[in-house]
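Below is one structure; the comments refer to it alone.
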Amino acid sequence: MPVQPSQPPHQPTPPFNFPAARRLREALGMAHGHVAYGMRASYGLSYITPETIAAWERGLASPTSAELTALAGTLWCSPGELMGAATTLREHRIARGLAPDDVARGSGVELQAYLRMEETNTWRGNERQSAALAEVLQLPLPDFITVTGRADDLAELLRSAVTSRWQGYVRPVSKMLPVPKRHLEDVLQQLHADYQARMVRTLSWGGGAGADASGSAGRDFLDKILEHFWAQVRGTGGGGGSSTGG
């Protein structure tokens with residue numbers, strides 16, 4: 000596994016799960032020195048010492064993306080097993096052990112364009128490229144939406160869908176998600192029904208507090224609309240496939 004070039008100073012280190020690094024090393028019966036030697040011998044990182052490994056495992060320092068890749072290779076695991084939760088495009092790529100050109104080629108964008116997207120953490124691919132990106136990085140749908148910077152836009156569409164005619168939002172939502180259109184129809188219809196039922200139920204309590212309770216319940220539902228949406232997507236079988244709705 001080739002080591003990627005050292006990352007520029009302005010790039011943050013990937014999230015590092017230092018307890019996992021220690022557990023994986025100990026499970027292999029390796030000392031700090033064994034890991035450091037492996038990284039030097041197999042990956043050419045001549046500056047890595049046992050003290051470096053110990054500092055990483057104590058959370059006193061974090062490896063760069065190239066060092067993380069080398070550490071994963073030395074510990075016979077994937078980079079993702081040594082990382083915390085990936086949140087950016089770059090972190091998801093590193094977690095999959097992929098080089099930038101692998102992701103660019105797989106998603107159908109020019110390498111330099113992809114690198115700019117990764118640098119700014121702003122995905123600008125079209126629908127086809129976005130679906131390919133989800134496939135290449137094996138992104139669950141919530142991560143796909145976060146990585147492509149569409150979470151706020153999706154939430155706004157969903158709020159409009161549940162508070163008005165949901166049918167009018169199937170197409171715009173389907174353009175954002177690599178999910179079959181039929182699944183989205185089922186999900187939006189159910190979300191709309193859940194929201195309306197909650198409003199009616201709280202109003203039926205009666206008394207002066209009925210309207211206030213209804214408003215509070217409605218706001219709570221809308222504030223958590225993405226959580227409700229992902230739960231419904233999973234419940235209706237709409238997984239992270241790459242087929243898009245028309």
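Numbering (numbering that gives the first Met the number 0), first residue to last: 0 to 245.
In this text, a Cβ means the ideal position worked out from N, Cα and C, and glycines have one as well.
Exercise for the section: Just mark Trp75 as buried or exposed, buried being the case when its beta carbon has 16 or more other beta carbons within 10 Å. Expected result: By the neighbour-count rule (16 or more Cβ atoms within 10 Å), Trp75 is not buried but exposed.
Problem - Among Pro11, Leu88, Arg149 and Arg158, nearest to Leu132 - alpha-carbon criterion - result: Nearest C-alpha to Leu132: Leu88.
Exercise for the section: Please classify Met82: does DSSP put it in a helix, a strand, or coil? Expected result: If DSSP states are grouped into helix, strand and coil, Met82 belongs with the strands.
Handout entry: C-alpha gap between Leu153 and Ser163, whole angstroms
Key = Their backbone Cα atoms lie some 15 Å apart in a straight line.
Exercise for the section: Pull up the DSSP beta-bridge partners for Phe143, would you. Expected result: None; Phe143 has no bridge partner.
Problem - Contact the stretch 91-98 vs the stretch 135-147: 3+ CB pairs below 8 Å - result: Remark: three or more beta-carbon pairs, one from each stretch, lie closer than 8 Å, so the stretch 91-98 and the stretch 135-147 are flagged as touching.
Practice task
Compare the C-alpha of Phe15 against each of Ala54, Ala103, Gly28 and Tyr42 and name the closest.
Solution key: The shortest Cα separation from Phe15 among Ala54, Ala103, Gly28 and Tyr42 belongs to Ala54.
Problem - Buried versus exposed call for Pro62 [16 or more other C-beta atoms within 10 Å across all chains shown] - result: With 16 or more Cβ atoms within 10 Å of its Cβ, Pro62 is classed as buried.
Handout entry: Beta-carbon proximity of Arg104 to Glu56, cut-off 8 Å
Key = Between Arg104 and Glu56, the CB-CB gap reaches or exceeds 8 Å.
Handout entry: Given 8 Å, three or more beta-carbon pairs between the stretch 139-146 and the stretch 97-113
Key = Below 8 Å, too few C-beta pairs join the stretch 139-146 and the stretch 97-113 to call them touching: fewer than three.
Exercise for the section: List the residues that DSSP assigns as beta-bridge partners of Phe15. Expected result: Per DSSP, Met82.
Problem - Alpha-carbon to alpha-carbon, Ser215 and Gln111 - result: Going by the C-alpha atoms only, they are around 48 Å apart.
Problem - Length of the line joining the Cα atoms of Ala19 and Ala192 - result: A direct Cα-to-Cα measurement between Ala19 and Ala192 gives close to 43 Å.
Practice task
Grab me the residues of Tyr168's own chain with a C-beta within less than 7 Å of its C-beta, minus the 5 sequence neighbours each way, in chain order.
Solution key: Cβ neighbours of Tyr168 within its own chain (closer than 7 Å, five residues either side excluded): Leu156, Ser159, Ala160 and Leu187.
Practice task
Have a look at Phe220, Gln166, His31 and Leu183 and flag the residue whose alpha-carbon is nearest the alpha-carbon of Ala196.
Solution key: Closest option to Ala196, Cα to Cα, is Phe220.
Practice task
Please state whether DSSP places Met175 in a helix, a strand or coil.
Solution key: Met175: coil per DSSP, three-state reduction.
Exercise for the section: Provide the residue span of the alpha helix (DSSP H) that contains Ile224, from first to last. Expected result: DSSP places Ile224 in the uninterrupted alpha helix (DSSP H) bounded by Ile224 to Gly234.
Handout entry: Anticipated Cβ contact below 8 Å, Ala69 with Ile52, distance rounded
Key = The Cβ separation is near 11 Å, so there is no contact.
Problem - Counted within 10 angstroms of its Cβ, other Cβ atoms place Gly207 as buried (16 or more) or exposed - result: A caution first: Gly207 carries a pLDDT of 47, below 50, which makes its placement in the model too unreliable to give a value.
Handout entry: Residues of its chain near Trp229, where Cβ-Cβ distance is below 6 Å and the 5 sequence neighbours each way are ignored
Key = Excluding the 5 residues flanking it on each side, Trp229 has same chain C-beta neighbours closer than 6 Å at Pro141, in chain order.
Exercise for the section: Please list, in chain order, all residues of the same chain as Leu59 whose beta carbon is under 8 Å from its beta carbon, the five residues on each side excluded. Expected result: So no residue of the chain qualifies.
Handout entry: Spatial distance of Thr12 from Ala85 (CA atoms)
Key = Taking the CA atoms as reference points, Thr12 sits about 12 Å from Ala85.
Exercise for the section: Could you tell me how far apart the beta carbons of Ala71 and Ser64 are, in whole angstroms, since I believe they sit closer than 8 Å? Expected result: For Ala71 against Ser64, the beta-carbon gap comes to about 11 Å, at or over 8 Å, which does not count as contact.
Practice task
Pull up the distance between the alpha-carbon of Asn125 and that of Lys174, whole angstroms please.
Solution key: For Asn125 and Lys174, the distance between alpha carbons rounds to 10 Å.
Practice task
Output the residue ranges of the alpha helix (DSSP H) runs that lie fully inside the stretch 35-69 and measure 4 residues or longer, sorted by chain position.
Solution key: You should have 49-56.
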